[in-house]
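Heads up: the structure comes next, in structure tokens.
Residue numbers (the working numbering): 5 to 249.
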């Protein structure tokens, strides 16, 4: 118990804050991989509730149903705004659960579905147009207001072209204001996670106020899963994924 308290205190005082003083209730934002839903996921009880793979649907394990979420493909800049259909559990490694029409709209590579997600607060109007909701979305029940937010028409499905992934994947362990703090955490991971390959941990200095502790690079999703799970079990609640750092 003492270790957990110390570790949480250390992270609190050392890591770059995820919010600013003027807006403590900042929207959820994260980068990682999307879990693309298949019917077999429900049949095999990987996903406990059924999704409709003919419709553009999303589910998140933390964001409440009805909330607006923006999804971005960082590689192509394709983006979409959808309402969260369900609060639903899925394999912990992934950032969000999506159906195939969403993956197609974002031009995601199913073998490398790298994505950025951001929750949109109700009072945040960043598109100066009235909402245009496609026919399928109207069938999805939600009480979230969408008058000031544009929701893309995704009835037009783009063909998903699979490409060989040549990107280098990194786990963003934590960000700090000082290199000393980054080294302290790096050494704790090396000393306490005895099965962790210390050569994968490296510190990147972007500027004097942003020092990042990274794990990688990895050549594929499968090659990084074990390290990701180890770090989560070590005490990190949310880990972002970055490519080509």
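From the three backbone atoms N, C-alpha and C, an ideal C-beta is built for every residue, glycine too.
Residue 92 sits away from residue 39, with the two beta carbons spaced by 8 Å or more. Between residue 51 and residue 106, the CB-CB gap reaches or exceeds 8 Å. Our two residues, residue 214 and residue 207, have alpha carbons roughly 10 Å apart in a direct line.
Ranked by Cα distance from residue 70, the first of 55, 125 and 179 is 125. Contact between residue 121 and residue 87 does not hold, since their C-beta atoms are separated by about 13 Å, which reaches or exceeds 8 Å.
Pairing residue 235 with residue 196, the inter-Cα distance amounts to about 11 Å.
Put simply, of 112, 46, 173 and 42 the residue whose alpha carbon is nearest the alpha carbon of residue 228 is 173. If you check the CB distance, residue 76 and residue 175 do not come in under 8 Å. Here residue 182 is exposed: its Cβ has fewer than 16 other Cβ atoms, across all protein chains shown, within 10 Å. Annotation for residue 221: 172, 173 and 174 place their beta carbon closer than 7 Å to its own, counting only its chain and skipping 5 residues before and after.
Under the three-state reduction of DSSP, residue 105 is assigned to helix.
Straight-line spacing of the CA atoms in residue 123 and residue 72 works out to 6 Å.
Secondary structure remark: continuous beta strand (DSSP E) runs of at least 3 residues inside the stretch 65-126, in chain order: 72-76, 83-87, 100-102 and 118-124. Boundaries of the beta strand (DSSP E) harbouring residue 246: 244-247, taken from the DSSP string. A check of alpha carbon separations from residue 226 across 43, 67 and 97 identifies 97 as the nearest.
With distances taken between CA atoms, residue 198 lies nearest to 231 out of 35, 56 and 231.
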